[in-house]
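full-length UniProt numbering puts the first residue of the sequence shown at 1, with every later residue one more than the last.
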Amino acid sequence: MDCNNTVSVIIPVFNEEKYIESCLNSILNQSYDNVIEILIMDGMSNDNTRKVISNFQDERIIVVDNKKKLQAAGLNLGIKVAKGEIIVRIDAHASYDEKYIEQCVKNLNNLKNENVVNVGGPTYLVTSGKYIEDSIIFLHESKFGIGVAKFRQKDYEGFADTVWNGAFWKWIFDKVGFYNEELHRSEDNDMNNRIIKSGYKIYQSKNIIAYYKPRSSIKKLLQQNYANGKAIGNSIINNREIIRIRHLVPLIFMLTIVFFGILFKFSYLSRIIEIIALGSYFTVDIIECLRISLKQGIRYVPILFVLFFELHICYGFGTLIGFFEQLFQKNKS
Numbered sequence: 001m002d003c004n005n006t007v008s009v010i011i012p013v014f015n016e017e018k019y020i021e022s023c024l025n026s027i028l029n030q031s032y033d034n035v036i037e038i039l040i041m042d043g044m045s046n047d048n049t050r051k052v053i054s055n056f057q058d059e060r061i062i063v064v065d066n067k068k069k070l071q072a073a074g075l076n077l078g079i080k081v082a083k084g085e086i087i088v089r090i091d092a093h094a095s096y097d098e099k100y101i102e103q104c105v106k107n108l109n110n111l112k113n114e115n116v117v118n119v120g121g122p123t124y125l126v127t128s129g130k131y132i133e134d135s136i137i138f139l140h141e142s143k144f145g146i147g148v149a150k151f152r153q154k155d156y157e158g159f160a161d162t163v164w165n166g167a168f169w170k171w172i173f174d175k176v177g178f179y180n181e182e183l184h185r186s187e188d189n190d191m192n193n194r195i196i197k198s199g200y201k202i203y204q205s206k207n208i209i210a211y212y213k214p215r216s217s218i219k220k221l222l223q224q225n226y227a228n229g230k231a232i233g234n235s236i237i238n239n240r241e242i243i244r245i246r247h248l249v250p251l252i253f254m255l256t257i258v259f260f261g262i263l264f265k266f267s268y269l270s271r272i273i274e275i276i277a278l279g280s281y282f283t284v285d286i287i288e289c290l291r292i293s294l295k296q297g298i299r300y301v302p303i304l305f306v307l308f309f310e311l312h313i314c315y316g317f318g319t320l321i322g323f324f325e326q327l328f329q330k331n332k333s
């Protein structure tokens, strides 16, 4: 199928001086030749992001102030001013295969009769050779860690309940509405849930390839996953339709070990449950660490063993805090 739809690329950014150059280079080197604009929605960056952008001389690159400083708000503003038939959302923390946009357009057109209005693909994580950074990458790729979502599965091809970033027919936003600006992290899940509820479909193609740069330090990783968990906790109250069982497993695990840990001295049954819960968890933990070590080296076992546990506890704790935070706000209002 010969496709020549006009494409608007939208990139929400905030303080992306380390990544925006490689991201833009990959977009400017795309094989698809009908990208009519690259809208950079800047949440009022206070680093050198705009200076780096100004070094590019392509007239399609347009920087727009996102004064609300929210990703959802930046996306909505970009969609409203975009002129293309297709909206391709781009994350500045990544670079993109030269056929990324071509494959997005191709899949949207090929799957029109299937009611597909949003397509995406897997994210490849590129190792750097640095011990901490590579450990974080292996954590992302592991299904025991963060890698259970389909967009972390490189060989998956088929319908999905959500995709990373996404490429959309622009008209779909007139049908289902824009991104919910009250959601600071789960706006993607909310949008895709509304798409599916409206009778449309989402598709992941293994040929739509991006190369993502995860957080580079343990502190940033844990902060990110605490925030992700908090967003899920908020959604339990105000948007529970987007919740999947995988989102709640860390919370259930954390509550189990805390509750029965408190009762450990007072009940024989509590001691049994606590030992089974922790024993089962750490057994799976060490098995997964050893599996990774067979490919990557035994030196990663100690750090991954600890990181898996810290990651799940931070996510679960964030979910708990987000739940009560949203509950109190709702009762107050």
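Just so it is clear, CB atoms sit at the ideal spot from N, CA and C, and this is done for glycine as well.
Those residues which DSSP pairs with residue i across a bridge
i: Val-116; result: Lys-201
i: Met-41; result: Pro-12, Val-64
i: Gly-158; result: Gln-204
i: Phe-168; result: Ile-87, Asn-118
i: Val-163; result: Paired residues: none, contrary to the question.
i: Val-7; result: Val-35, Ile-86
Delimiting residues of the beta strand (DSSP E) encompassing residue i
i: Val-88; result: 86-89
i: Tyr-124; result: 123-125
i: Tyr-96; result: 94-96
Contacts around residue i, its chain only, beta-carbon distance under 8 Å, and the 5 residues preceding and following it disregarded
i: Arg-183; result: Note that residue 183 is Leu in the sequence shown here, rather than Arg. Cβ within range, chain order: Ala-72, Asp-190, Ala-231, Asn-234, Ser-235, Asn-239.
i: Asn-29; result: Glu-98
i: Leu-39; result: Ser-8, Val-9, Ile-10, Ile-11, Ile-62, Val-64, Gly-78, Val-81, Ala-82
i: Ile-132; result: Ser-216, Ser-217, Ile-218, Ile-303
i: Ala-277; result: Phe-253, Thr-256, Ile-257, Phe-260
i: Glu-102; result: Gln-30, Ser-31, Tyr-32
i: Ile-196; result: Asp-161, Ile-202
Cutoff 6 Å; reference residue i; Cβ partners in own chain excluding five residues on either side
i: Gly-297; result: none
i: Trp-164; result: Gly-120, Thr-123, Phe-151
i: Gly-229; result: Tyr-315, Gly-318, Thr-319
i: Val-126; result: Tyr-211
i: Ile-172; result: Val-117
i: Phe-323; result: Gly-233, Ile-236
i: Asn-192; result: Thr-162, Ile-202
i: Gly-261; result: Glu-274
i: Glu-17; result: Asp-47, Asn-48, Thr-49, Val-52
i: Glu-21; result: Val-52
i: Gly-166; result: Arg-89, Asn-118, Gly-120
Close beta carbons around residue i, own chain, < 7 Å, minus the five adjacent residues each side
i: Lys-175; result: Ser-198
i: Ile-303; result: Ser-135
i: Arg-215; result: Ile-136, Leu-221, Gln-224
i: Ile-27; result: Val-9, Ile-38, Ile-90, Tyr-96
i: Tyr-100; result: Gln-30, Ile-208, Ile-209, Ala-210
i: Ser-142; result: Glu-288, Ile-292
i: Ile-286; result: Phe-305
i: Asn-55; result: none
i: Asn-46; result: Asn-15
i: Arg-50; result: Asp-42, Val-63
i: Asp-155; result: Lys-206
i: Ile-227; result: The displayed chain sequence assigns Ala, not Ile, to residue 227. Only Arg-185, Gly-318 meet the Cβ criterion.
i: Asn-180; result: Ala-72, Glu-187, Asp-190
i: Lys-213; result: Tyr-19, His-93, Ala-94
i: Gly-145; result: Leu-139, Phe-308, Leu-311
i: Phe-264; result: Ser-270, Arg-271, Glu-274
i: Glu-241; result: Asn-193
Terminal residues of the alpha helix (DSSP H) in which residue i lies
i: Ser-293; result: 268-296
i: Arg-152; result: Neither: Arg-152 is in no alpha helix (DSSP H) and is coded neither H nor E.
i: Glu-59; result: Run containing Glu-59: none; DSSP gives neither H nor E here.
i: Arg-50; result: 49-54
i: Leu-304; result: 301-332
i: Tyr-100; result: 100-110
i: Asn-76; result: 71-81
i: Glu-17; result: First-last for Glu-17: undefined, no H or E at that position.
i: Phe-138; result: 131-141
Q: Please confirm if the region 129-147 is in contact with the region 75-92, defined as three or more CB-CB distances below 8 Å between the two stretches.
A: Judged by Cβ distances under 8 Å, the region 129-147 makes no contact with the region 75-92, as fewer than three pairs qualify.
Q) What alpha helix (DSSP H) runs, 4 residues minimum, are completely inside the region 170-254? A) For the region 170-254, whole alpha helix (DSSP H) runs of length 4 or above, ordered along the chain, are 172-176, 187-197, 218-238.
Q.
Pairs of beta-carbons, one from the region 31-48 and one from the region 1-12, closer than 8 Å: are there three or more?
A. The region 31-48 and the region 1-12 touch, with no fewer than 3 CB-CB distances between them shorter than 8 Å.
Q: Flag this pair as touching only if the region 194-209 and the region 106-119 have three or more C-beta atom pairs under 8 Å; answer yes or no.
A: Taking a cut-off of 8 Å on C-beta distances, the region 194-209 touches the region 106-119, as three or more cross pairs fall below it.
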